[in-house]
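Residue numbers (the numbering used here): 27 to 365. Cβ atoms here follow ideal geometry from the backbone N, Cα and C, with glycine treated the same way. For reference, the structure is listed below as structure tokens.
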């Protein structure tokens, strides 16, 4: 019957809903950080003028933008009749991890000890900020499910025929330097070789990004190139481990997470590029895309990267952001004038 399909559809909706909820929760965090950063002073200046706090504001805006982008993407696919199973897994994992990072690394550290006072938004809700990492499937377990779904077609199309040929020929340890072995596997190996050469020849192609801001266009193209290169890395892992790949959980999580990060990068860049009226949103997307790109490539942030983050943080601190309209900040606890 269709019971399993219906159950998975419900899980998909729950996962994208979790990402949407993370975007809303992080909006509340950012709306609460801004008045606090204006109020809290160190060495005679409000901390909103400090680069560290401005970077945190910018990163939080980037997380919000990426979660909005993933929610919009997944919802669109589901509304058009697609299952969106893998897409919703990407949204769930990123949304829950972004909320966790935002809560601990950005929100809590900016508020300091007051974050643990009774009545503070962080202290009263910290469990709710962290629990989504295990709701709807724990992140790394979901990552392995994502990877298995990702390689399923490739395995059936190219690796199963090789396996069947080996069984039919009674070969347990094939040696392609042996002419007999190579002859017995010629058809299935030819199909795989044709795929490999075809992918190398086609490359990543070009992203249809006319009219996009230069930075977002560059990040989108970079993401496409990473996704193309990952197909060779994943196929190489399948060749190396074969049926034992299912037991190589660390490899599966690593390879799958790189694909997920590249997908988030591409989706965020496309989402922001199609919203030219909100320059703050586009800057936030560039900040987030830059962070993902550095994580994927192992490159170091440049002075231009730091300047982009701190300028965005300063702009949001001074002018606000339309994405935060209607969200009331929490009252500041233990004010100086209450002493």
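- With respect to residue 90, residue 53 sits close: the two C-beta atoms are nearer than 8 angstroms.
- Setting aside the 5 residues that flank it on each side, residue 281 is surrounded in the same chain by 173, 256, 259, 260 and 263, each with a C-beta closer than 8 angstroms to its C-beta; the list follows chain order.
- By the Cβ neighbour-count rule, residue 158 is buried, with 16 or more other Cβ atoms within 10 Å of its own.
- In this chain, the alpha helix (DSSP H) harbouring residue 178 covers 165-180.
- The alpha-carbon separation between residue 104 and residue 95 amounts to approximately 14 angstroms.
- Looking at 222, 358 and 320, the one whose alpha-carbon comes closest to that of residue 183 is 222.
- Under the Cβ criterion (8 angstroms, minimum of three pairs), the region 213-222 counts as touching the region 177-195.
- Taking all protein chains shown into account, residue 318 has 16 or more neighbouring C-beta atoms within 10 Å of its C-beta and is therefore buried.
- Nearest to residue 316 by alpha-carbon distance, out of 265, 278, 291 and 99, is 291.
- Leaving aside the five residues that flank residue 218 on each side, the residues in its chain whose CB is nearer than 6 angstroms to its CB run, in chain order, 184.
- Shown here, residue 294 sits in a helix according to DSSP, grouped into three states.
- Assignment of alpha helix (DSSP H) within the region 42-112, counting only whole runs of 4 or more residues, yields 77-105 in chain order.
- Residue burial annotation: residue 209 is exposed, with fewer than 16 other C-beta atoms found within 10 angstroms of its C-beta.
- By the criterion of at least three beta-carbon pairs nearer than 8 angstroms, the region 350-365 is in contact with the region 50-66.
- Just measuring C-alpha positions, the residue of 344, 313 and 340 sitting nearest residue 328 is 313.
- The beta carbon of residue 142 sits closer than 7 angstroms to those of 149, all from its chain and outside the five residues before and after it, given in chain order.
- For residue 153, the enclosing alpha helix (DSSP H) covers residues 147-156.
- Between residue 41 and residue 164 a beta carbon distance of about 12 angstroms is seen, past the 8 angstroms cut, so the two are scored as non-contacting.
- About 6 angstroms separates the CB atoms of residue 287 and residue 321; that is less than 8 angstroms, so the two are in contact.
- Using a Cβ distance threshold of 8 angstroms, residue 307 and residue 298 count as a contacting pair.
- Note on residue 252: 16 or more other CB atoms within 10 angstroms of its CB, so buried under the neighbour-count rule.
- Within the region 295-356, complete alpha helix (DSSP H) segments of at least 4 residues are found at 305-323 and 329-345, given in chain order.
- In this structure residue 310 touches residue 88 by the C-beta definition: roughly 5 angstroms separates them, less than 8 angstroms.
- In the DSSP annotation of this structure, residue 134 is not part of any alpha helix (DSSP H), being labelled neither H nor E.
- In this structure, DSSP gives residue 360 a state outside helix and strand, which the three-state scheme calls coil.
- Approximately 4 angstroms separates the beta-carbon atoms of residue 63 and residue 74; this is inside 8 angstroms, confirming the contact.
- The beta-carbon separation of residue 152 and residue 129, rounded to 7 angstroms, stays under the 8 angstroms limit for a contact.
- Less than 8 angstroms divides the Cβ of residue 66 from the Cβ of residue 72.
- Excluding residues up to 5 positions away in sequence, 254, 257 and 258 lie with their Cβ nearer than 8 angstroms to the Cβ of residue 225 in the same chain.
- In the three-state DSSP reduction, residue 274 falls in the coil class, being neither helix nor strand.
- Residue 221: member of the alpha helix (DSSP H) spanning 212-228, first to last residue.
- Listed in chain order, the non-local C-beta contacts of residue 116 below 6 angstroms within the same chain comprise 286 and 289, local neighbours out to five positions each way being set aside.
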